[in-house]
Amino acid sequence: MNRTAVRMLATMILASSMAHDPILHGDEPVRWTVPDVLRSVPPLAHDYAGRLPMITWPAFVMSTNDTSFRDRKPMPPEVYRELASRGLTQRIPLHEGYIEMARAIQSAGAAVIFVEGWGGNGPYDLGTDPLHRLPADYKIAQGDHHYACPLLFEGWRVKADNIRSILRKYREAGIEVSAAWLDWEVEPLVWSRGRWEQAAACSRCRKLFPRRVLDSWKEYVNFIMALRADLFSAYVAAPILEIYPGCSVTDWEKVYSSPECPTPSCWGTWKFPPMSLGLFTAANPVAYGNDIYYREHWSTNWNYPLDQEHMDRLYTHVMLGQISAHMENALRLESEKQCVPWVCRYCPDVDDDKVPILSRSRYREILRHIWLRGADSMQIFNEPRPKHPEIAVEEVEDAVAVYDEMLAYREFLEDGRVMNTEVPEVTWNGAIWSGLKLGDRAVVRSFTQDSADAAFSLKPWPDAQEIRLVAPPTGRTWLLRREADRVTAEPVE
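So the sequence shown is residues 1 to 493, counted in our numbering.
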């Protein structure tokens with residue numbers, strides 16, 4: 001598609017953006033394409049210049065059979081500009097083959113952000129003989145595979161040198177990289193006891209590991225999580241920051257955790273041992289509307305029917321859990337590092353049709369509270385799903401709409417202090433609130449999961465009066481102001 005055609009497309013899309021159906025365009029279902037995104041998602045009304053944009057997991061393409069991204073061919077600058085006007089940018093892999101695409105993105109005035117996934121043994125496979133040396137009769141547990149020895153770092157050095165080489169080429173090409181938000185779900189991990197069992201049975205690991213670490217699962221978990229943070233700091237974050245010192249850098253589920261406030265895993269099934277961010281400049285909590293929560297958390301003691309209203313309660317509890325605990329720890333540390341969460345409304349890991357999908361209204365409410373609990377940008381995991389392909393675009397529509405809403409309070413997003421990190425229990429019928437405080441002002445968002453309004457008291461400033469607010473089921477935003485010891489609240493319509 002040539003530039004003139006793209007300009008015409010953008011003009012037609014913008015002209016019709018006020019009168020589109022959010023799910024169907026005519027008789028055609030919404031698909032993950034640039035035209036559908038531009039039709040469904042209007043440009044931001046508020047300025048976000050100087051802030052990080054959001055990215056989506058699927059690459060932007062012009063049509064369902066467009067292979068330009070896979071072929072490393074840039075789209076016309078007009079496309080990147082239209083996306084940027086919506087607070088979005090095309091993410092690219094950390095690969096030298098995407099330099100020309102990065103150049104086109106940058107020339108359009110958009111931010112260049114690396115995002116890529118990786119799994120399995122990851123960097124270990126780049127080293128020599130990395131796998132556990134197991135007894136001949138050792139049987140690997142079902143669901144596990146043959147893992148690498150965690151204390152072999154040769155492959156990590158190879159990968160670090162590869163990162164440096166790639167980024168030097170981007171720098172030499174005049175590309176300014178704004179962020180590297182990686183999704184490297186690679187070893188060493190503690191997702192199964194089989195990993196510990198293999199290490200304990202490995203003749204090499206028994207020589208390399210400190211005493212007692214292999215004696216218990218708990219000791220192994222604590223050691224590996226600390227090791228993982230060190231490996232990523234030394235071999236991933238450091239090489240990136242050597243070439244691009246001002247870059248925003250994070251990886252999957254990089255969060256603070258402490259003995260006083262252990263941060264839950266993103267699915268809420270276990271708690272992290274003490275963790276820091278090391279050299280990473282940003283945290284990466286995860287807030288997914290995952291149907292696995294029903295299997296892992298649903299309780300008959302609640303006496304709830306499995307319906308939209310009550311499943312939304314469970315989604316809310318889990319999705320606010322990780323970012324809230326992370327931010328509580330960040331506040332205690334007085335950390336100024338960024339927070340760039342992964343978010344999504346629909347993640348069918350179990351694909352259980354009886355589990356209601358998170359409602360769009362509740363998803364938007366959760367996103368508001370994530371912003372008001374310290375988010376600096378968002379990564380949208382809107383993987384197109386066969387059963388509901390339209391949700392891939394809806395998720396972007398929701399995320400951009402809420403971002404635009406929150407940009408009305410930009411100074412709070414950038415300089416405000418998080419006011420609340422409490423996580424509502426599933427059965428909680430009182431007020432749920434989040435807020436950011438800046439000097440003698442604050443912005444607060446409140447809602448309730450009950451059918452009637454919930455009143456609540458708030459004391460934003462310790463040396464000023466307490467104030468009484470209302471949390472309606474549909475939610476409400478409040479602007480608070482302090483004059484001496486008097487506090488006033490104005491609802492935002």
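Glycine included, each C-beta is placed from N, C-alpha and C at the ideal position.
- Take Asp450, set aside five residues on each side of it, and the residues of its chain with a beta-carbon closer than 6 Å to its own are Asn429, in chain order.
- Fully enclosed beta strand (DSSP E) runs of no fewer than 3 residues occupy 342 to 347 of the stretch 316 to 359, in order along the chain.
- The Cβ atoms of Leu182 and Val158 do not sit closer than 8 Å to each other.
- For Val400 and Phe209, the gap between their C-alpha atoms comes out near 47 Å.
- In this structure, Tyr288 is the residue among Thr250, Leu306, Tyr288 with its C-alpha nearest to the C-alpha of Arg360.
- For Ile380, the pairing in a beta bridge is given by DSSP as Thr56, Val343.
- Cβ atoms of Ala45 and Phe114 stay farther apart than 8 Å, at about 29 Å.
- According to the DSSP assignment, Ile105 belongs to the alpha helix (DSSP H) that extends over 99 to 107.
- Look at the beta carbons and you see the stretch 264 to 278 not touching the stretch 161 to 174: under three pairs across the two are nearer than 8 Å.
- Cβ-Cβ distances below 8 Å link Met62 to Met1, Thr33, Val34, Pro35, Ser68, Met75, Val79 in the same chain, with the five nearest sequence neighbours on each side left out; the list follows chain order.
- The Cβ atoms of Glu395 and Ile380 lie closer than 8 Å to each other.
- Going by beta carbons, Ser192 and Gly120 fall outside the 8 Å limit.
- Take the alpha-carbon of Val426 and the one of Ile370: they are about 18 Å apart.
- With contacts defined by Cβ atoms closer than 8 Å, Arg441 and Trp433 do not form a contacting pair.
- Between Leu331 and Val418, the C-beta spacing is below 8 Å.
- Around the beta carbon of Leu306, fewer than 16 other beta carbons lie within 10 angstroms, which makes this residue exposed.
- If you check the CB distance, Ala148 and Tyr124 come in under 8 Å.
- Rounded to the nearest whole angstrom, the C-alpha separation of Ala431 and Glu82 is 39 Å.
- Contact between the stretch 289 to 298 and the stretch 232 to 249 is absent: fewer than three C-beta pairs spanning the two stretches fall below 8 Å.
- Going by C-alpha positions, Gly155 is about 22 Å away from Gly97.
- The C-alpha of Arg211 lies about 11 Å from the C-alpha of Cys205.
- For Val470 and Gly439, the gap between their C-alpha atoms comes out near 23 Å.
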